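Quick mapping for you: the protein sequence lines, in order, are chains F and E.
With the first sequence counted from 1, adding 2 to any position gets you the working numbering.
With the second sequence counted from 1, adding 2 to any position gets you the working numbering.
The C-beta atom is built at its ideal place from N, Cα and C for all residues, glycine as well.
Owing to the predicted nature of the structure, the values given are computational and were not obtained by experimental measurement.
The structure under discussion appears below in the form of structure tokens.
Number of protein chains: 2
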Amino acid sequence: MFEIKAKDGRGRVGVLKTKHGDVKTPNLMPVIHPRKQTVDVSKYGADIVITNAYLIYKNEDLKEKALDVGLHELINFDGPIMTDSGSFQLSVYGDVEITNKEVIEFQEAIGTDIGTSLDIPTAPYVEREQAEADMEITIERAKEAIDFVRDNDYEMKINSVVQGSTFLDLREKCAKELAKLDADLYPIGAVVPLMEAYHYKDLVDVVMTSVSNMHDSLPRHLMGAGHPMIFALCTAMGCDLFDSAAYILYAEDDRFLTTRGTIKLENLVEMPCSCEVCSKYTPDDLRAMDKEERTQLIAQHNLHVSFGELRLIRQAINEGSLMELVEERCRAHPMLLDALRQLSKYNDNLELYEPRSKKSAFFYTGNESLARPEVLRHVNKIKEMDKKENLVILPHYRKPYTKYMPKDFKKFMCCGEITDESITSENADFMVLDIPFGLIPLELDEVYPLSQNESPRNKDEIAICHASNLLLDIVDDYNQVLIAPKLVNEFDLDTVLDLEEYPYSENVKFIKDDLARVKAVADYQFGNGAGDALFCNDKSKGDLFTGKIKIEKSRKTGKIRHIYAGKDIIVNMRASDSLLILSKLGAKRLHASLGGIQNRVIIDNSVESFARDGKSVFAKFVKDCDENIRSNDEVIIVNEDDDLLAFGKALLSHKEIMDFKTGQAIKTRKGFKK
Amino acid sequence: MFEIKAKDGRGRVGVLKTKHGDVKTPNLMPVIHPRKQTVDVSKYGADIVITNAYLIYKNEDLKEKALDVGLHELINFDGPIMTDSGSFQLSVYGDVEITNKEVIEFQEAIGTDIGTSLDIPTAPYVEREQAEADMEITIERAKEAIDFVRDNDYEMKINSVVQGSTFLDLREKCAKELAKLDADLYPIGAVVPLMEAYHYKDLVDVVMTSVSNMHDSLPRHLMGAGHPMIFALCTAMGCDLFDSAAYILYAEDDRFLTTRGTIKLENLVEMPCSCEVCSKYTPDDLRAMDKEERTQLIAQHNLHVSFGELRLIRQAINEGSLMELVEERCRAHPMLLDALRQLSKYNDNLELYEPRSKKSAFFYTGNESLARPEVLRHVNKIKEMDKKENLVILPHYRKPYTKYMPKDFKKFMCCGEITDESITSENADFMVLDIPFGLIPLELDEVYPLSQNESPRNKDEIAICHASNLLLDIVDDYNQVLIAPKLVNEFDLDTVLDLEEYPYSENVKFIKDDLARVKAVADYQFGNGAGDALFCNDKSKGDLFTGKIKIEKSRKTGKIRHIYAGKDIIVNMRASDSLLILSKLGAKRLHASLGGIQNRVIIDNSVESFARDGKSVFAKFVKDCDENIRSNDEVIIVNEDDDLLAFGKALLSHKEIMDFKTGQAIKTRKGFKK
């Protein structure tokens, strides 16, 4: 019922299937008042709406009509409708005149697409005892509702709301308990007061704790979130659906929603956006109108802005630039910046969902970008890398670094023992020191995102410190560390390192070596040792590993394109990100050399033949896979006995592959027929 | 012909008057092709357009028609039209078939509103000799053109373009030379290649150097700037007009302009904004259309986005939130962030234009905000402040600080000699340490922007360092410096200061004292000594300074509202920014106490009676004024003999007041009739 079509970090463009049609996510469900709806939201972009089943139930006329003609005719909306259960009324008035079972029964009876059990929304910052007691009831009712829906073969889908107030352990517990049940969607409840008070930092804690314990395979709905200024941030945390009456409530109060905040009409000198309403009218025009007409127009503006932002978010996910959008949006208010900084504390978790390669470059938008998972990932890779005896640290000019690197190095400063041995790529790692990725081995200078990134030439102190700390962390792994004097200055290295002038600079030579380059990329991409295995020509290891290694370059760009063993292609190097694409021989060599579950997706023996035929692998047939797999990784596909069946590109990350029961997990490139 | 209606830093909302109507600035002049215009730009928001007089001149048919029916009918546009002279063609083809005088004559003949002389646009990064030679010709031709226009009593206004390539001293020289002439508008030329190459850092240098040497009283036109992603930044540097054919050229190339950059249709999965076109069509719809229809729609989108952004910029200037918008927009591309950081190098200049108080709060959007002129200004004020013997540094809780300050301080760390004397407001300055303003004396805790600012609770290292450095800078001015232990931790103070536990914490008392508070505000606002002068009750100083000081507070908010001497109000304290508003007695006391030009606007004796009648002061009658005057300052108005005539609020800053020859400079509150 839910499929991921594109992903960027925890953000995903998905499709939610309902009996009234498909919904593209992330999306906003405008709240429809069952009695007094005045705005035709579908005209302004709504694909799905939400209304309140309890309000309909409480009003005799509405109830009768809903039971008679159905919910869709009642509120005059053809698309999917979600209903809430009266929980909000329960939280405000302390009591409702309906039971959990009754409200479930009623929602099915009126034909809702997605119904909700009668959970208990617990406000933020309450006493722990209350939050815990409420949560227990919420879980109980979720169980009762789901059982009821399944036992009676209801058509509607069912929500199970995560509660727990601002107690993160309770949010975790609630999410984990609900995850054991068989719900269709997971809303995250009772966050509206956090958003109203601009407590976005706490919102990040609540949402990240909740989503980290929820299924990746089901849509997540951030209940009551309707302000476009937080859509990008919340999408980046993994939320798929938003709902709100803000578009109309704010309009009634003469307030304009924008991605930068809310503006009151009384403070407007100019219209604040490029929408139809803002292009046609002036603030004075609106002020002169009667209330009703004005409210209609402001509501239209609010919907245009909201759906415009959601389109932009989906576009950003497709491009791989969601975090760039989030980092920009989070400059609109200091409390959003606070939230962005808080989000970086969940970096380990975010990295699990971060694609290996993207269409768009990594943009440094401020020192907050140093905390992005891409940087964390590279830093960890460098730590794990097989190291040579010595290290040479070179300055950065233009990218790719190697292309613009001077051939001879006139002067170096040295840290560690000084010897007069020649320093070449044989006995030394040559790396560039740059922002934001820190240390970049020259062989990897075209690999995504080490080449596909931009940062300002005016460097900030935090970035400088970040880079010098990374260097400091690995200095002890080497005998001699030679550093270009330009860098010593630029990164204040003499304050943290004991440096002496190095007298043998003429002995230092970086030798460009295509084989070394492709081996380094292979190790970076598939794990240490992969390069030697893939690009091996050694009869003693058998036919599979025999054949002269030939590297073919593009005539136009001079970039490496294909690597052969004899006449067979082992791998291709993709021009856009310089990552290796396996071909049959490469897959075989990798499979034969790297043990355990490395780079592997293990599928059910029953679907072996499909894989061998080159058909893509569906998530539900994956028995296990390497926990290091991220979307866009090249993987090898094996059966339960580790027989190589095929190879392809992961569409999802490890955790998602393991959680999804629908949709494709691996786009197979080629299969090995029996 | 040009008046400022609202200002924020160097950004201004102005009105440019032409014979075809008024133009609100900042604004974009879409380029109209005299022969093949297909988009009705006025329908999508254009108030003024630009076209090329040379292209009309070169084409016999167009030339004849233009001379016959006039330019406005030729291009079918009723509003103001600016014309370019063929300089661009000159720069591309090396030569044009027209002289400077001829093109001036022709522009007047066809009825252009604003004409341009035949300047030489010199590309960036050329040889210095060329840039210098071109510039000399440009200046010569500007002189020739202006003389010609004035001698012949031409109706049209005349542009004088600042050139000088990327040589900042040449830009400075050119701007200074042109400023001596009598032009009506100042374009800044030949910056398009910088924008095309994303060399925004260099653009900042060129524009800031140019504008710093141009008249503040004339509109500045950034030639060829048409991408909405840089409008906010360029407005903040003092640009008033932009022009470009980008809306149509990009559309013809299937490219969408957005405030975040350019997107190609082929890469669009979703439409990128909330405009009419983006709300009605999908990328697939556009891809399926014929070229002409698609180009029209993309051009419409481009215009909607451009004019929407300009409205937002004018709104931001009115609110006083222009830099917040700039700091957000500059996150869209690392090279824009580079530009933002470069802009901070012109802080001293920007401070000259920064209003003293604004409607909106100061938002910390990243460590770049620390470099804003408001912060620089406050830091300088604290350095200049009269200091007591000791200093007590308190932590910040909520704002205003005094309200949420604990009464007793349990523990302090001390830097400097420890004595057992009581530390009270008598012998100590009590300040809070906070981000971004650093040290805030408790008496100033409600004064703009020290209270009206927000920053994230997750602090960055640069901000922490900034605050601790400010403390470090003044520690030596005091005997004892007591610091709350919480701060020592938060700001890593023990790494930079020699701290000991202070054993007499019970002796430390901040005594809330309303008189001390208003005196501190007066000193901060009008200069050291102003507080003692304004709030004096001393018969020996004469009647003017006699009368019991009474402080009246708002019953509702508890805030100080009026300060009396006997029955006469000296000053009022404005609720929104806690700055003092002079009344008659206050103005007299200030005038009698503070000598020289302090807080004064000296006006021509010939208009003395208007000021005494309470009429506002026009800029052209100002003979001199205090160089510390900024817009929204309270000032006293005197004649050339320093007789007090009136008092009021500055609408402009010192430099602007001295440069403008039209419009109001001071809104007079009250005059002293003779």
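1. Anything in the stretch 461–487 of chain F with a Cβ closer than 8 Å to a Cβ of chain C? List those residues in chain order, please.
2. Please name the residue or residues paired with E/E5 in a DSSP beta bridge.
3. According to DSSP, is E/G23 part of a helix, a strand, or is it coil?
4. Using a C-beta to C-beta distance shorter than 8 Å, which residues of chain E count as neighbours of F/D340?
5. Is F/G191 close to the ligand GDP? I mean its beta-carbon at under 7 Å from any heavy atom of the ligand.
6. Buried or exposed, going by whether 16 or more other CB atoms sit within 10 Å of the CB of E/T40?
7. Please list, in chain order, the chain E residues whose beta carbon lies closer than 8 Å to that of F/C280.
8. Can you tell me whether F/K412 is buried or exposed? The criterion is at least 16 other CB atoms within 10 Å of its CB, across all chains shown.
9. Under 8 Å between C-beta atoms, does E/C241 make it to chain F?
10. Going by alpha carbons, who is nearest to E/K293 out of E/L314, E/I250, E/I319, E/P274?
11. Could you tell me whether the Cβ atoms of F/V523 and F/E445 are closer together than 8 Å?
12. Nearest by alpha-carbon distance to F/A486: which of F/K550, F/P505, F/H468, F/D479 is it?
13. Cβ of E/H656 less than 8 Å from any chain F Cβ?
14. Is any beta-carbon of chain E found at less than 8 Å from that of F/A111?
15. Could you check what DSSP says for E/Y348 in three-state terms: helix, strand or coil?
16. Given F/R14, which residues of its chain have a CB within under 6 Å of its CB, disregarding the five upstream and five downstream residues?
17. For E/R311, which residues from the same chain have a beta carbon less than 6 Å from its beta carbon, with the 5 sequence-adjacent residues on both sides left out?
18. Pull the bridge partners of F/V637 from the DSSP assignment, please.
19. Output needed for F/L338: all residues of its chain with C-beta closer than 6 Å, excluding positions within five of it in sequence on either side, in chain order.
20. Give the DSSP bridge partners of F/F244, in chain order.
21. Using the three-state DSSP reduction, which class does F/K622 fall into: helix, strand or coil?
22. With 9 Å as the C-beta to C-beta threshold (strictly closer), list the residues of the stretch 265–277 of chain E near chain F in chain order.
23. Can you have a look at F/L220 and say buried or exposed, based on whether 16 or more other CB atoms are within 10 angstroms of its CB?
24. Is the separation between the beta-carbon of F/L73 and that of F/N102 shorter than 8 Å?
25. Could you confirm whether any beta carbon from chain F is found closer than 8 Å to the beta carbon of E/P375?
26. Where do the ends of the beta strand (DSSP E) carrying E/M575 lie?
27. With a threshold of 8 Å between beta carbons, is F/M337 in contact with chain E?
28. Under 8 Å between C-beta atoms, does E/K625 make it to chain F?
29. On the CB-based measure, 16 or more other CB atoms within 10 Å of its CB, does E/V307 come out buried or exposed?
30. With a threshold of 8 Å between beta-carbons, can E/K360 be considered close to chain F, or not?
31. Which residues mark the beginning and the end of the alpha helix (DSSP H) in which E/C280 is found?
32. In this structure, does DSSP put E/T211 in helix, strand or coil?
33. By DSSP, does F/H593 sit in helix, in strand, or in coil?
34. Just to confirm, are E/N641 and E/N601 a CB contact at a threshold of 8 Å?
35. Whose C-alpha, out of F/V213, F/S359, F/L172, is nearest the C-alpha of F/I190?
36. Restricting to Cα atoms, I'd like to know which of F/D431, F/V510, F/N215, F/A532 is closest to F/D171.
Once the coordinates are examined:
1. The chain inventory of the structure shown lacks chain C, comprising the protein chains F and E.
2. E/V17
3. strand
4. P458, R459, N460
5. Here there are no bound small molecules, and the ligand GDP is not part of this structure.
6. Sixteen is the threshold: since fewer than 16 other Cβ atoms of the shown chains lie within 10 Å of the Cβ of E/T40, the residue is exposed.
7. Under the 8 Å cutoff, chain E gives G310, R313.
8. By the neighbour-count rule (16 or more Cβ atoms within 10 Å), F/K412 is not buried but exposed.
9. no
10. E/I250
11. yes
12. For the residues F/K550, F/P505, F/H468, F/D479, the minimum Cα distance to F/A486 belongs to F/P505.
13. no
14. no
15. Three-state result, E/Y348: helix.
16. Sequence-distant partners of F/R14 (beyond 5 residues in either direction) whose C-beta falls short of 6 Å from its own C-beta, in its chain, are I6.
17. Per the sequence presented here, residue 311 of chain E reads as Glu, with Arg not at that position. Cβ neighbours of E/E311 beyond the five flanking positions: P230, F233, T261.
18. F/G650
19. Y202, C332
20. F/L30, F/L224
21. In the structure shown, F/K622 sits in a helix (DSSP, three-state: H, G or I).
22. I265, N269, L270, V271, E272, M273, P274, C275, S276, C277
23. buried
24. no
25. It does not; no Cβ of chain F falls within 8 Å.
26. 570–575
27. yes
28. no
29. By the 10 Å Cβ count, E/V307 comes out buried.
30. Chain F, which has no Cβ nearer than 8 Å to the Cβ of E/K360, makes this no.
31. 278–282
32. helix
33. helix
34. no
35. Ranking F/V213, F/S359, F/L172 by CA distance to the CA of F/I190 puts F/V213 first.
36. F/N215
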